[in-house]
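In mature numbering (1 follows the signal peptide of the UniProt record, and there is no 0), the protein residues as written are -17 to -1, 1 to 290.
Built from N, CA and C at the ideal position, the CB exists for glycine as well.
Okay, structure coming up:
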């Protein structure tokens, strides 16, 4: 089935309409439970490869270049971390859209809510994904939306962070597509690195020991940490969760994940057992993970969490 049809039907009929289709990214529409918006369920991970550019009707054979024939660690984006993450500077580093040069120029799409584009970093001539960056740990308090990635394992972890919506305006941000450059960095055992995102950013970070593997269709696997920062279509609420739906859909390894904020955790243990997180069989559930009211936040992310 073509990706366009998967996205449309999944949104119009609900995830249960496609038991084999996974595009696991949160819908950013607003739902009230006991008077408060909640972070909504993911659409299931897609088994259909996206086209690397916008086309009216993608053909079944259209697929990103360099897609592996089996789960692998090949063709993962190159490291994109700059010296910013190692600098001793105490100065604020602006996002590209603010006139900075931290990264090297998009739109809203209810089904517009499922395909809600939000901030892709492309304002003012900036490149896709420039709305997130690694900064020195000591200037984390200068930003509104912060994720601190701490490696609690004994091996290095690669982390790849990307907007949920790709360069083509489709739900392809989590796929390896030619010309699409996510934020990619490595965290050594015991090390902490800080990632900051701009407002109205909806994205994912995937991680795994050494290198993030990809599915046979070129989608990032490993374990995911999903995040939604000050969603303009959700009254400014934010959210986050750990997810292993993609990896488990393809029987791939699941590393550990913990995302913590305000005394609430979203956890997945190595192998895929979770608590307040999206694991196999939970595709139809809503409200899982961290639901964060308007305002600044810091989410602590633990790579290789094992309990």
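query	result
Option nearest residue 276 by Cα separation, candidates 111, 128 and 117	128
Anticipated Cβ contact below 8 Å, residue 251 with residue 206, distance rounded	6 Å
Alpha-carbon spacing of residue 211 relative to residue 181, whole angstroms	10 Å
contact_flag[the region 189 to 199, the region 220 to 237] where n(CB pairs < 8 Å) is 3 or more	yes
Closest Cα partner of residue 162 within the set 149, 153 and 136	149
Pairwise C-alpha distance: residue 152 and residue 116	21 Å
Contacts around residue 283, its chain only, beta-carbon distance under 6 Å, and the 5 residues preceding and following it disregarded	131 and 243
Spatial neighbours of residue 258 in its chain, beta-carbon cut-off 6 Å, leaving aside the 5 residues before and after	250
Beta-carbon proximity list for residue 135, same chain, < 7 Å, skipping 5 on both sides	285, 286, 287 and 288
Given residue 293 as reference, the closest of 224, 138, 274 and 245 once Cα atoms are compared	The chain is shown only over -17 to 290; residue 293 falls outside these bounds and no answer can be derived.
Candidates 140, 187, 247 and 124: closest to residue 75 by CA position	124
Residue 176, buried or exposed, once every other Cβ within 10 Å from all chains shown has been counted against 16	buried
Distance between beta carbons of residue 273 and residue 237, contact taken as under 8 Å	About 19 Å separates the two Cβ atoms, so there is no contact after all.
Simplified DSSP assignment, three categories, for residue 229	helix
Contacts around residue 171, its chain only, beta-carbon distance under 8 Å, and the 5 residues preceding and following it disregarded	134 and 139
Among 256, 119 and 192, the one whose alpha carbon lies nearest that of residue 141	192
Inter-residue Cα distance where the pair is residue 260 and residue 160	27 Å
Buried versus exposed, by CB contacts within 10 Å (16 or more), residue 186	buried
Alpha-carbon to alpha-carbon, residue 168 and residue 119	13 Å
Same chain, Cβ closer than 6 Å to residue 215, neighbours up to 5 away in sequence not counted	183
Uninterrupted beta strand (DSSP E) stretches inside the region 132 to 205 (no shorter than 3 residues)	140 to 146, 166 to 170, 175 to 180 and 184 to 192
Residues near residue 279 by beta carbon distance below 6 Å, same chain, minus five either side	127
Euclidean distance between Cα positions of residue 290 and residue 108	44 Å
Counted within 10 angstroms of its Cβ, other Cβ atoms place residue 239 as buried (16 or more) or exposed	buried
Simplified DSSP state of residue 124, which is helix, strand or coil	helix
Cβ-Cβ distance between residue 143 and residue 203 below 8 Å	yes
The ligand GDP heavy atom lying under 7 Å from the CB of residue 157	This structure lacks the ligand GDP, and indeed carries no ligand of any kind.
Neighbourhood of residue 137 by C-beta distance below 6 Å, restricted to the same chain and skipping five residues each side	172
Residues that residue 211 bridges to, as DSSP identifies them	185 and 222
Expected contact under 8 Å - CB spacing of residue 158 and residue 113 to nearest Å	Actually they are not in contact, since the Cβ atoms of residue 158 and residue 113 sit about 19 Å apart, beyond 8 Å.
Identified DSSP bridge partners for residue 261	226
Cβ-based neighbour list, residue 73, same chain, cut-off 7 Å, excluding 5 preceding and 5 following	121 and 122
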